[in-house]
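Since the structure comes first, as structure tokens, the remarks are kept for the end.
Chains as they are written, first to last, in my numbering: chain A, 1077 to 1233; chain B, 3 to 367.
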């Protein structure tokens, strides 16, 4: 799908070297609008919202912050490890948001599956519905987040 | 079909307009020559308008401190604009207090020069220089931390206060086509005026740390700019505590070396937080220093030691370990260097044992 020049500029911000070494798009050749739309459909199919996913991610990060660099068991279901670095990273959507360089790793103790995100990922999911492109090192497929974080579908309620 | 034609038409028109705006800005917005007046006319320059203030000043060899290289993410490149700046941009707002806005403080990387401009900057900015340097040594300190030693080639000497930082410019590498600029604290002693050492921890996806860890080699030439920053030792205390984690050891090491070399009679406690033994480095150096300098106390603390670490030292978060050693900080200074999470946790704990907030020092990047 064609995208607006504004969105194209945002896509340029996501190239390697603009904000991060690897960028936000991985080896995904699609336009940003198509990546967002495709994940939007996935999220709708799962019966959740971007905000619900982001909220669960925030909850995990908040638990991990209490013991930086040391894994903590949360709700008996997850092992959460948070680490942070000096400096800030701006949001490529040019919304004047900058996040600290903090990463969270969550391991689902039952499945042993792991998800890994930055504070910027939480913001981009919550505010822009963007989960990064395929092949990006910080890409989190909504389906994976849904299953690892044990989210509930509205459809099942 | 009609909808598709409409979407394509609108997108096409929008693209055309965007191109026209870019071309118009390039060819029609000729701001001509503009004057930059610094500190009430103490220095004046004529520059070609249209550039941002940060890079215009750098062209005149006046380097405003910045940790992000002009991307409006560090908020360090503040200058007071007396006259000639345009309206405040949304990109600047998050970094400025209400008082700073009233005082005309701006981020120099965001101020585009379109007419004569008058600014005020601290005198010490005039001593910041750009150095050509050569990588002399690269040491692996831990699994994700390297120490880089640079020889200064031009100019060949530097004067800095222990605790200050330098900026380093990366070169294009891999898929990265543009240079980037980042700031790192100096870990060497100010007494070595011909060399600079930096300690850099790898950040997943970091433009500059990836460059330094994976692409920079012994013999390579780099551009360094500095010294910068107001994180340095204040003399009005007889006892200091230092708290660091990861690469935050860098400026603390420089400050401690400086105190010891100058033979100052100061009580010093250095708390270094790590998870396991493999995250510790410079252990032998500080252990020996503790033996040689009775007033220096080195307290490494592991928050998650492994059985194979056979760790006999302090265990727990560095903040909790500090509390076991320091009961009253009312007469002490605290110097902190580490991640924002660590800094925030330290400040909270320190103020709880009577450290004065204005006597707690740390870099704000």
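Heads up, the beta-carbon is just placed ideally off N, CA and C, and yes, glycines get one too. All values reported here derive from a predicted model rather than from experimental measurement.
Residue i to residue j span [Cα, whole Å]
i                       : j                       : result
residue 264 of chain B  : residue 258 of chain B  : 10 Å
residue 123 of chain B  : residue 76 of chain B   : 18 Å
residue 1163 of chain A : residue 309 of chain B  : 33 Å
residue 1115 of chain A : residue 222 of chain B  : 44 Å
residue 275 of chain B  : residue 248 of chain B  : 8 Å
residue 338 of chain B  : residue 1101 of chain A : 36 Å
residue 6 of chain B    : residue 1109 of chain A : The predicted model places residue 6 of chain B with a pLDDT of 46, which falls under 50 and marks its position as unreliable; any figure quoted below should be read in that light. Answer to the nearest angstrom: the Cα atoms are 16 Å apart.
residue 311 of chain B  : residue 204 of chain B  : 23 Å
residue 291 of chain B  : residue 298 of chain B  : 7 Å
residue 224 of chain B  : residue 214 of chain B  : 11 Å
residue 1200 of chain A : residue 1136 of chain A : 17 Å
residue 236 of chain B  : residue 336 of chain B  : 10 Å
residue 141 of chain B  : residue 150 of chain B  : 7 Å
residue 1089 of chain A : residue 104 of chain B  : 32 Å
residue 1218 of chain A : residue 1104 of chain A : 16 Å
residue 189 of chain B  : residue 272 of chain B  : 15 Å
residue 10 of chain B   : residue 1078 of chain A : Unreliable placement is indicated for residue 10 of chain B, whose pLDDT of 48 sits below 50; the coordinate value is still reported in the next sentence. Rounded to whole angstroms, residue 10 of chain B to residue 1078 of chain A spans 7 Å at the Cα level.
residue 173 of chain B  : residue 182 of chain B  : 7 Å
residue 1228 of chain A : residue 1176 of chain A : 29 Å
residue 360 of chain B  : residue 250 of chain B  : 20 Å
residue 1233 of chain A : residue 1130 of chain A : Any reading at residue 1233 of chain A is ruled out, since the residue's pLDDT is 48, under 50, leaving its predicted position unreliable.
As assigned by DSSP and simplified to three states, the class of residue i
i                       : result
residue 288 of chain B  : helix
residue 337 of chain B  : strand
residue 155 of chain B  : strand
residue 1175 of chain A : strand
residue 229 of chain B  : strand
residue 148 of chain B  : strand
residue 302 of chain B  : strand
residue 1224 of chain A : helix
residue 224 of chain B  : strand
residue 95 of chain B   : helix
residue 172 of chain B  : coil
residue 1233 of chain A : The predicted model places residue 1233 of chain A with a pLDDT of 48, which falls under 50 and marks its position as unreliable, so this point remains unresolved.
residue 343 of chain B  : helix
residue 1114 of chain A : helix
residue 212 of chain B  : helix
residue 53 of chain B   : coil
residue 258 of chain B  : helix
residue 72 of chain B   : coil
residue 1207 of chain A : coil
residue 58 of chain B   : helix
Unbroken alpha helix (DSSP H) run spanning residue i, endpoints
i                       : result
residue 1238 of chain A : A query on residue 1238 of chain A cannot be resolved here, the shown segment of chain A reaching from 1077 to 1233 and no further.
residue 250 of chain B  : It is not in any alpha helix (DSSP H) - residue 250 of chain B carries neither H nor E in the DSSP assignment.
residue 103 of chain B  : 100-104
residue 321 of chain B  : 320-327
Min CB distance residue i to chain B below 8 Å
i                       : result
residue 1138 of chain A : no
residue 1083 of chain A : no
residue 1162 of chain A : yes
residue 1144 of chain A : yes
residue 1209 of chain A : no
residue 1206 of chain A : no
residue 1215 of chain A : no
residue 1177 of chain A : yes
residue 1168 of chain A : no
residue 1174 of chain A : yes
residue 1092 of chain A : yes
residue 1141 of chain A : yes
First through last residue of the beta strand (DSSP E) which encompasses residue i
i                       : result
residue 82 of chain B   : 80-85
residue 1130 of chain A : No beta strand (DSSP E) holds residue 1130 of chain A; the alpha helix (DSSP H) holding it covers 1126-1141.
residue 2 of chain B    : Residue 2 of chain B lies beyond the stretch modelled for chain B, which goes from 3 to 367, so this question has no answer here.
Cβ of residue i within 8 Å of any chain A Cβ
i                      : result
residue 113 of chain B : no
residue 173 of chain B : no
residue 203 of chain B : yes
residue 168 of chain B : no
residue 285 of chain B : no
residue 178 of chain B : yes
residue 10 of chain B  : Note on residue 10 of chain B: pLDDT 48, under 50, position unreliable in the model; no value is reported.
residue 165 of chain B : no
residue 76 of chain B  : yes
Chain E within 8 Å of residue i, Cβ atoms only
i                      : result
residue 107 of chain B : As a matter of chain content, chain E is missing from the structure shown, whose protein chains are A and B.
Check distances from the C-beta atoms of the segment 305-337 of chain B to those of chain A and list, in chain order, the residues that come in under 9 Å.
Among the residues of the segment 305-337 of chain B, those with a Cβ less than 9 Å away from any Cβ of chain A are 305, 306, 319, in the order of the chain.
Between the segment 1096-1109 of chain A and chain B, which residues of the former have a C-beta closer than 7 Å to a C-beta of the latter?
Within the segment 1096-1109 of chain A, the residues whose Cβ lies closer than 7 Å to any Cβ of chain B are, in chain order, 1096, 1097, 1098.
Residues of the segment 85-98 of chain B whose Cβ lies closer than 8 Å to any Cβ of chain A, in chain order
For the segment 85-98 of chain B, the set of residues with a beta-carbon nearer than 8 Å to any beta-carbon of chain A comprises 92, 93, 95, 96, in chain order.
Short-range partners of chain A found in the segment 249-280 of chain B, where Cβ spacing is below 7 Å:
Within the segment 249-280 of chain B, the residues whose Cβ lies closer than 7 Å to some Cβ of chain A are 277, listed in chain order.
Output, in sequence order along the chain, the residues in the segment 42-71 of chain B whose CB is closer than 9 Å to any CB in chain A.
Per Cβ criterion, the list reads 69, 70.
Quick one, which residues of the segment 207-238 of chain B are near chain A if we go by CB-CB under 7 Å, in chain order?
Here the close residues are 207, 208, 209, 212.
When Cβ atoms are compared, which residues of the segment 129-146 of chain B fall closer than 9 Å to chain A?
Look at the segment 129-146 of chain B: it has no residue with a C-beta under 9 Å from a C-beta of chain A.
Can you list, in chain order, the residues of the segment 346-358 of chain B whose Cβ is nearer than 9 Å to any Cβ on chain A?
Those residues of the segment 346-358 of chain B that come within reach of chain A (Cβ to Cβ, closer than 9 Å) are 347.
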